[in-house]
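Chemist:
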Amino acid sequence: MQRIIKNNQLVDETWHLLPKDASFDELTNCDDYIVPLQLWRDHGHALKARDGGLGVWLDSDEEAEEIGDDVEHFQVIALNFPAFTDGRNYSNARLLRDRYKFKGELRAIGDVLRDQLFYLARCGFDAFAIRPDKDPEDALQGLKDFSVTYQAAADEPLPLFRRR
Amino acid sequence: MYVYDEYDQRIIEDRVKQFRDQTRRYLAGELSEEEFRPLRLQNGLYIQRFAPMLRVAVPYGQLSSRQVRTLAKIARDYDKGYAHISTRQNVQYNWPALEDIPDILAELATVQMHAIQTSGNCLRNTTTDQFAGVAADEVIDPRPWCEIVRQWTTFHPEFAYLPRKFKIAINGSKEDRAAIEVHDIGLEPVRNEAGELGFRVLVGGGLGRTPVVGSFINEFLPWQDLISYLDAILRVYNRYGRRDNKYKARIKILVKALTPEVFAEKVEAEMVHLRGGSNTLTEEEVQRVSRHFVDPEYKALANVDYSALDQEHPGFARWRSRNTQAHKRPGYIAVTLSLKPTGVAPGDLTDKQLDAVADLADEYSFGLLRTSHEQNIILADVEQSRLHALWLVLREQGFATPNVGLLTDIICCPGGDYCSLANAKSIPIAESIQRRFDDLDYLFDIGELDLNISGCMNACGHHHVGHIGILGVDKKGEEFYQVSLGGNAARGASLGKILGPSFAQEQMAEVIEKIISVYVEKRTEEERFIDTYQRIGIDPFKERVYAANH
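Chains as they are written, first to last, in my numbering: chain V, 128 to 291; chain S, 651 to 1200.
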């Protein structure tokens, strides 16, 4: 079973991450699913009526605005990094936290590596599915890269100049 | 200059630790080349022709003598005794070993220096006028604003993986010596009718493959909103800038595609949410930072009449006319040390010269100095009465070439001699032109002229904005050079027009001489090269240069 980082610890994965082409008919009533955006668009109503947990995931070319008004329906929102150098979902994360006030689990999926975790956490991610060929235990270290930060972000409402 | 407090210091020390571990993991094979690449780039580390190149940040060009001595020591201990001033006012080393980089960074950190974000697809070093704080035509001192922006850019969590590199320049004077119009963001101060300070904001300028003069999208941004507005611009760019083609990924392409008006609307739509938030700058913070840039203890001095000295030492008069700049305080003057003597790679210094420059700063200029994007060094606060003594010393040390702003004050990238991106060498071209124009009377007669050379279309040598620009190109595997005319980085910036087919290396000095001969024949008394060019256009130059040889 894959382990993911959640709130600075390793936990067992309990969610099923569905691929982009998943169809609604594959879903059971009680399992916890993170569904692709399209499935949410097509079957939002039915998805909400299930008994299992509900999450949604966005690719890097999909926009936070698409689910901005619906965030209360999701326990998990996962944002995909097709490559760790694709920085778009850093902005989506901040929008989900700051603008749409999403309070649930915000998870980084895809090409997620130790050396980006600090920035990701600052943008509001609190869960990380580290790329399977890497050691998630080792990746935990990345959350501690810096002890001071200049900017306001999802983890710190005030910029340093208001805290100095 | 800005002095770190414990927070600033901790941040760069954390960085040293982080990069030491990243380097260790890379060398141990735990990080792949591909995974390590953006990490090292965001620490100014390129892998190039002979060895890695390390680019050290010199935030907005400000250095203390102590820092310069450390740079000298690094040149000695880790390089072959050289350092190079880049066109972004930074310092580059061409010969360090990868495994030594963490130690170099640790050494830099002891003097409040680093290599953070000097490369890579991130927010880069903010640049400004090399005469900031002392210029006679200054509206505001841009340095506190540069420092505020520097802190905002440093490890900004949202914008570490942008589509492409991002450069901000701030001008504080009437004249624009910071070339803000060819930056991703350009800022300059403006006052509204109530006399309040704000910024004019330009976006989407830049050189590189597709050179563009940027567009002003805001004529008055209240200073309090500066950081929020930068966040808004960067967020729009980070989300919508192209990522499918790195040659179309700069913000200038996005601004063009959307039009500046629509881009500005998108920024404004973000600002609706950000305005008034915690990033709103406070008077206290601006004052806290500004306290680091108060005037040094100037003496009450009168201006010096140099006429007797000039008469006695024509060389001094000549040098003074080119290499000094008016100072806001009577009795003081800013002095440019030319790093462009013939036969030396433009912008290069040896470790000994760095030590000498540090001593000069201590002796003549309150222990402070600056680098310029023209790749020279400035002592900003020299007493006029000591100018002649300083000149004598500079002459001995090779810093007194009287060519600042003249044809031989060439802006030049390291080119194919060092850089693995280059199509062609640039340093030997600079040298051949400097040799051709080594007659000082002739050089002075030609007058003000920006000649810029880039070894490839990444345009590190800013060839698009040279009055004469030279670009290294590859022509069937051979190094050739394309010439453009009419570029200009100052206010009302313009991009050069290509003259025609490219030339071989050995033709270049001759070509430049022909171009100059057209100017000398056609100019009116008052005209600089660029003025004549703008009046007569490119054709007369074209005809002369490409005329069949009989």
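Note that beta-carbon positions come from the ideal geometry of N, C-alpha and C, so glycine has one too.
#1: Please confirm whether V:G214 has its beta-carbon closer than 8 Å to some beta-carbon of chain S.
#2: What does the alpha-carbon distance come out to for the pair S:E684 and S:L748?
#3: Give, in chain order, every residue of the region 228 to 244 of chain V whose Cβ lies closer than 7 Å to some Cβ of chain S.
#4: Applying a beta-carbon distance threshold of less than 7 Å, which residues of chain S neighbour V:Y160?
#5: Give me the chain V residues within the contact set of S:R814, using Cβ-Cβ distance strictly less than 7 Å, ordered along the chain.
#6: Would you please verify whether the beta carbon of V:F252 is less than 8 Å from any beta carbon of chain S?
#7: Please report the Cβ distance between S:S1152 and S:G1111, rounded to the nearest whole angstrom; I am assuming they are in contact, meaning their Cβ atoms lie under 8 Å.
#8: Per the DSSP calculation, V:R177 is bridged to which residue(s)?
#9: Quick check on the DSSP output: the beta strand (DSSP E) that includes S:Y743 runs from which residue to which?
#10: Would you mind giving the Cβ-Cβ distance between V:R165 and V:P259, rounded to the nearest angstrom? I have them listed as a contact below 8 Å.
#11: So, is S:I1083 buried or exposed, given that buried needs 16 or more other C-beta atoms within 10 angstroms?
#12: Just how far apart, CA to CA, sit S:Q717 and S:Q762?
#13: Give the residues from the region 660 to 689 of chain S that approach chain V closer than 7 Å (Cβ to any Cβ), ordered along the chain.
#14: Short check: CB of S:L758 to CB of S:L1004, under 8 Å?
#15: How far does the alpha helix (DSSP H) with S:G965 in it reach, from first residue to last?
#16: Inspect the beta-carbon positions of V:D169 and V:H143 and report whether they are closer than 8 Å.
#17: Compute the Euclidean distance between the alpha carbons of S:Y1068 and S:N771, then round it to the nearest angstrom.
#18: With a floor of 3 residues, list each beta strand (DSSP E) that falls wholly inside the region 228 to 279 of chain V, ordered by position along the chain.
#19: Which value, in whole angstroms, describes the spacing of the CA atoms of S:N888 and S:V832?
#20: Kindly indicate which three-state DSSP category V:R291 falls into: helix, strand or coil?
#21: Quick check: the Cα distance between S:F866 and S:Q874, rounded to an integer number of angstroms?
#22: Quick test of the definition: if touching needs 3 or more C-beta pairs under 8 Å, does the region 834 to 853 of chain S touch the region 1157 to 1166 of chain S?
#23: Let me make sure I understand the geometry here. Which of S:Y1196, S:F1087, S:E1033, S:T1174 has the alpha-carbon closest to that of S:T992?
#24: Taking C-alpha atoms, which residue in S:A1143, S:N775, S:V784, S:D664 lies nearest to S:Y948?
#25: Under 7 Å from any heavy atom of the ligand NAD, does the C-beta of V:G251 make it?
#26: Buried or exposed: S:H1200, going by 16 or more other Cβ atoms within 10 Å of its Cβ?
#27: From the DSSP output, in three-state form, read off V:H143 for me.
#28: Which runs of the beta strand (DSSP E) fall wholly inside the region 659 to 687 of chain S and span at least 3 residues, in chain order?
#29: Starting from the beta carbon of S:R889, find every residue of chain V whose beta carbon is closer than 7 Å, and list them in chain order.
#30: So, at 6 Å on beta carbons, what are the nonlocal neighbours of S:A756 in its own chain, with the 5 sequence-adjacent residues on each side left out?
#31: Just how far apart, CA to CA, sit S:G1146 and S:N1138?
#32: Mind listing, in chain order, the continuous beta strand (DSSP E) runs of no fewer than 3 residues lying wholly within the region 1004 to 1090 of chain S?
#33: Would you please state the rounded distance, in angstroms, between the beta carbons of S:A899 and S:G891? I believe it to be under 8 Å.
#34: Could you compute how far the alpha carbon of S:E1163 sits from the alpha carbon of S:K1192?
#35: Using a Cβ-Cβ distance cut-off of 8 Å, determine whether S:S928 contacts chain V.
#36: Going by Cα to Cα distance, which pick from V:R177, V:D282, V:D265, V:V198 is closest to V:W184?
Modeler: The relevant details are as follows:
#1: yes
#2: 16 Å
#3: L240, D242
#4: Near V:Y160 there are no residues of chain S at all, since even the closest Cβ is about 27 Å away, more than 7 Å.
#5: Annotation: S:R814 has no Cβ neighbours in chain V at a cutoff of 7 Å; minimum Cβ distance is about 11 Å.
#6: no
#7: In fact, because the Cβ distance is near 16 Å, the residues do not count as touching under 8 Å.
#8: None; V:R177 has no bridge partner.
#9: 741 to 743
#10: Note that residue 165 of chain V is Gln in the sequence shown here, rather than Arg. So it is not a contact: roughly 24 Å between Cβ atoms.
#11: buried
#12: If you draw a straight line from the Cα of S:Q717 to the Cα of S:Q762, it comes to about 8 Å.
#13: Listed in sequence order: R660, I661, D664, Q668, Q672, E685, P688, L689.
#14: no
#15: 964 to 973
#16: no
#17: 22 Å
#18: 232 to 237
#19: 20 Å
#20: V:R291: coil per DSSP, three-state reduction.
#21: 19 Å
#22: no
#23: S:F1087
#24: S:V784
#25: Looking at this structure, you won't find the ligand NAD or any other ligand, since it has none at all.
#26: Unreliable positioning characterises S:H1200 in this predicted model, as indicated by a pLDDT of 47, which lies under 50. The coordinate reading is nonetheless provided below. Classification for S:H1200: exposed.
#27: strand
#28: Taken in chain order, the region 659 to 687 of chain S contains no complete beta strand (DSSP E) segment of 3 residues or longer.
#29: R215, S218
#30: V666
#31: When only Cα atoms are considered, S:G1146 and S:N1138 end up about 7 Å apart.
#32: 1018 to 1021, 1027 to 1033
#33: 6 Å
#34: Near 13 Å, if we compare the C-alpha coordinates of S:K1192 and S:E1163.
#35: yes
#36: When only C-alpha atoms are compared, the closest one is V:V198.
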